[in-house]
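First residue of the sequence shown? That's 1 in full-length UniProt numbering, and the numbers climb one at a time after it.
In this text, a Cβ means the ideal position worked out from N, Cα and C, and glycines have one as well.
A quick note: this is a predicted structure, and the numbers were derived from the prediction, not measured.
Taking it in order: structure first as structure tokens, then the write-up.
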Amino acid sequence: MEISLQFCTHLIYGYAGINPDTYQVSSINPQRDVQRRHFATITALKEKFPNVKFLLSVGGDRDGEGADKYIQLLEAGRQKQSAFIESARDLLRSYNFDGLDLAFQLPRNKPRKVHSDIGMAWKSFKKLFTGDFIVDPNSDEHKEQFTDLVNDLKAVLRPHNLMLSLTVLPNVNSSWYFNAPAIINNLDFINLAAFDFTTPQRNPEEADYTAPLFSPVAEGNRLSHYNIDFQVDHWISQRIPHTKINVGVASYGRSWKMTKDSNANGFPIVTGTDGPGPAGPQTKIPGLLNWAEVCLKLPNPSNVDKSEELAPLRRVSDPTRKYGTYAYRAPNSEGEHGEWVSYEDPDTASTKATYAKNRGLGGIALFDLTLDDFHGQCTGDKFPMLRAIKYRLL
């Protein structure tokens, strides 16, 4: 951890959650955070790294006790929201955090379903009369409620010189929930988690770039807003200062299982996939591989002679630096052991850092340090993605 902090301006510790009955902010793993003193250990690093700000994030993808409670908090009214606000302030002060990050689990866009040509034609015809699927019919009210919550929260944090930031989670429609001009003066910065536009969980039957910098050629189920540039442009169009926008970069890849029905050349969009690829030995989550796990699947002296599920993946880089890198292994004659991975590596992370720098943005938010190669398994360098980002931003 200490090695990585020399490359950071902020460290956001995630995640805390909220109690669905009281709406108070609390640890989602008290044994780790409180009894084993992770909260205190993290903020104790301030002595060695006085220029790094340490924030606590609420929500994210770890608070699995019902995401509806975040909407319920917005609807609860200011009296009940005061429990959230006051408990957040007290928790930050108790453990010497520098601020709070809001990574609320708000309703997310529904993924497009895979249709045949006839199905696509019918879907287009039907859309003329029904419009897009409405995920949250009360989003206008929730936007106003979120604005009030942010403003009330900052009013309580400000006297204690505590920061407040916003993290927009993947596939949350910013225009539904965030009145940017009304909240920006009370936010120190915004992290755009501009990745996981497609995942094997959301899109099990087809694989595609998970975090393109710009929009790939329109085809199939691709949507024009599933790219970083669109997301950044949206926030800038809301009169948000460029320097308050951070581009989120994932330190992991998403993997799909290729089948005999998948296009064997691996060129995205890859159809005929069958959900998440096999779990890695470290992450142990089907469909998710950290950078070290991806790197060790690429051709190297230890796997060049391997076959079947141990055979190396073929890496395909993007000469345009617009869409991303992927790697794949076509299935064998029985349709087995096929795998397709869209991932970030130090080169693509560096490209996104260059983009952020050229646009005058605040910087890059790496999601997250624990999924970077912190042991240096790939090249010997510890935290290679973080290093690549930092060197490009200098």
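{"Asked": "What number of angstroms, rounded off, separates the C-alpha of Asp33 from the C-alpha of Ile12?", "Found": "14 Å"}
{"Asked": "Would you please state the rounded distance, in angstroms, between the beta carbons of Gln24 and Ser94? I believe it to be under 8 Å.", "Found": "Their Cβ separation, rounded to whole angstroms, is 13 Å, which puts Gln24 and Ser94 out of contact at 8 Å."}
{"Asked": "Grab me the residues of Arg108's own chain with a C-beta within less than 6 Å of its C-beta, minus the 5 sequence neighbours each way, in chain order.", "Found": "Asn171 and Val172"}
{"Asked": "Kindly list the residues whose CB is nearer than 7 Å to the CB of Ala182, restricted to its own chain and excluding five residues on each side of it in sequence; keep chain order.", "Found": "Thr147"}
{"Asked": "Going by beta carbon distance, what residues of the same chain come within less than 6 Å of Leu223, once the five residues before and after it are set aside?", "Found": "none"}
{"Asked": "Drop a sphere of 10 angstroms on the beta-carbon of Gln81, count the other beta-carbons inside from all chains shown, and report buried for 16 or more, exposed for fewer.", "Found": "buried"}
{"Asked": "In terms of residues, what are the limits of the alpha helix (DSSP H) holding Glu141?", "Found": "Ser139 to Leu157"}
{"Asked": "From Ala388 to Leu157, what does the alpha carbon distance come to, in whole angstroms?", "Found": "34 Å"}
{"Asked": "Between Ala353 and Leu393, how many whole angstroms is the CB-CB distance? I'm expecting something under 8 Å.", "Found": "5 Å"}
{"Asked": "Reducing DSSP to helix, strand and coil, say where Ser116 ends up.", "Found": "At Ser116, the pLDDT of 49 sits below 50, so the modelled position is not reliable and the matter cannot be decided from this model."}
{"Asked": "Measuring alpha carbon to alpha carbon, tell me which residue in Gly77, Asp101 and Ser26 is nearest Ala365.", "Found": "Asp101"}
{"Asked": "Is it true that the segment 366–376 meets the segment 288–297, where meeting means three or more beta-carbon pairs spaced less than 8 Å apart?", "Found": "yes"}
{"Asked": "Among Ile190, Leu310 and Tyr323, which has the Cα closest to the Cα of Pro216?", "Found": "Tyr323"}
{"Asked": "Would Arg202 and Pro276 be called neighbours here (beta carbons separated by less than 7 Å)?", "Found": "no"}
{"Asked": "Within a Cβ cutoff of 6 Å, which residues of the same chain sit near Thr351, ignoring the five residues on either side of it in sequence?", "Found": "Arg321"}
{"Asked": "So for Ser251, helix, strand or coil by DSSP?", "Found": "coil"}
{"Asked": "Report the residue ranges of all beta strand (DSSP E) runs contained in full by the segment 163–187; include only those spanning at least 3 residues, in chain order.", "Found": "163–168"}
{"Asked": "Taking the alpha-carbon of Val270 as reference, which of Ile285, Pro299, Tyr326 and Arg239 has the nearest alpha-carbon?", "Found": "Tyr326"}
{"Asked": "What residues in its chain sit with their C-beta under 7 Å from that of Asp381, if we drop five residues either side in the sequence?", "Found": "Arg387"}
{"Asked": "Buried or exposed: which applies to Ser342, given that a residue is buried once 16 or more other Cβ atoms fall within 10 Å of its Cβ?", "Found": "buried"}
{"Asked": "In this structure, how does DSSP classify Phe189 when only helix, strand and coil are distinguished?", "Found": "strand"}
{"Asked": "Rank Met385, His38, Ile71 and Gly220 by C-alpha distance to the C-alpha of Leu56 and give the top, closest one.", "Found": "His38"}
{"Asked": "Who does Val290 pair with in a DSSP beta bridge?", "Found": "Note on residue identity: the sequence assigns Asn, not Val, to residue 290. DSSP output for Asn290 lists Tyr252 as bridge partner(s)."}
{"Asked": "Do Lys154 and Asp98 have their beta-carbon atoms positioned less than 7 Å apart in this structure?", "Found": "no"}
{"Asked": "Leaving out five residues before and five after Ser317 in sequence, what residues of the same chain have Cβ atoms less than 8 Å from its Cβ?", "Found": "Thr325 and Asp347"}
{"Asked": "For a test of the three-state rule: what should DSSP assign to Asp229, helix, strand or coil?", "Found": "helix"}
{"Asked": "Give me the DSSP bridge partner(s) of Asp101.", "Found": "Ser57 and Ser165"}
{"Asked": "When DSSP labels each residue in this structure, what does Leu386 get in the three-state scheme?", "Found": "helix"}
{"Asked": "State buried or exposed for Gly77, treating a residue as buried only when at least 16 other CB atoms are found within 10 Å of its CB.", "Found": "exposed"}
{"Asked": "Return the chain-ordered ranges of every alpha helix (DSSP H) run that is complete within the segment 13–62 and spans a minimum of 4 residues.", "Found": "38–44"}
{"Asked": "What does the Cβ neighbour count give for Asn191, buried or exposed, with the cut at 16 atoms within 10 Å?", "Found": "buried"}
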